[in-house]
Amino acid sequence: DDAVRLLVQQMYRPSWEPVHLLNLLTQGLEDPALRNAELFVCAQPMALCSFLRSLVDQPMLLYQAFPLVGATPVAFRHLLLVQLSEVQKSNPHRSVLVAYSEFLARQVQRQTNQRP
42 DDAVRLLVQQ MYRPSWEPVH LLNLLTQGLE DPALRNAELF VCAQPMALCS
92 FLRSLVDQPM LLYQAFPLVG ATPVAFRHLL LVQLSEVQKS NPHRSVLVAY
142 SEFLARQVQR QTNQRP
C-alpha cells in the first residue's frame, strides 16, 4: 500500500528512488498472504510491477493499460524499459505482459523491442 500511495502522490512529478520503492515493496511482501500467493497480477504503475517482478518467484501477469514509463522519474525510464524487456524474454512461463489495446502493444514493442 505504501509503495502504491507514493507513486500515486507523485504521478505527475515523480521523484522517487528505486531503492526506496524496493524497500517499501520488500516490507509489504512480509505479509503472509503475499508471501504465500500462487500468482501476482499487477497493472499499474508499471515501475511497481517491474520491481515487484524482481522480488518474487511466483508467476506474474502484468497488465498494461497506460504508458509504460508513466509515474517514473526521467532518470530511471531507460532502466524501467530495459527491465521490462528482460521480463518479457527471460522466462515467458514466469511472466506475461498483456496490453490493453493494439496501440499500447505497439508502444511496448517500440520501447522494449518485445511484443506483448
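Residues in the sequence shown are numbered consecutively from 42, following the working numbering.
Ideal placement from N, C-alpha and C gives every residue a C-beta, glycine not left out.
Since the structure is predicted, the reported quantities are computational estimates derived from the model, not experimental observations.
Could you tell me whether the Cβ of residue i comes closer than 9 Å to any Cβ of chain C?
i	result
Glu71	Checking the listed chains, one finds no chain C in this structure; it contains a single protein chain.
How big is the Cα-Cα spacing for residue i and residue j?
i	j	result
Glu127	Leu93	14 Å
Gln148	Leu70	30 Å
Phe144	Gly111	16 Å
Ser131	Asn77	23 Å
Nearest CA to the CA of residue i: which residue from the options?
i	options	result
Pro114	Leu48, Ser56 and Leu145	Ser56
Glu79	Pro86, Asp98 and Thr67	Asp98
Leu66	Phe81, Gln85, Asp72 and Ala44	Ala44
Leu48	Asp72, Leu89 and Ala74	Leu89
Val139	Gln155, Phe107 and Leu102	Leu102
Which of the three DSSP states is assigned to residue i in this structure?
i	result
Leu103	strand
Ala44	helix
Leu120	helix
Met87	helix
Leu96	helix
Quick check: the region 110–123 against the region 61–80, are at least 3 beta-carbon pairs closer than 8 Å?
no
Residue ranges of each alpha helix (DSSP H) run of no fewer than 4 residues wholly in the region 58–84, ordered along the chain?
59–69 and 73–76
Segments assigned alpha helix (DSSP H), at least 4 residues, entirely inside the region 122–153:
143–153
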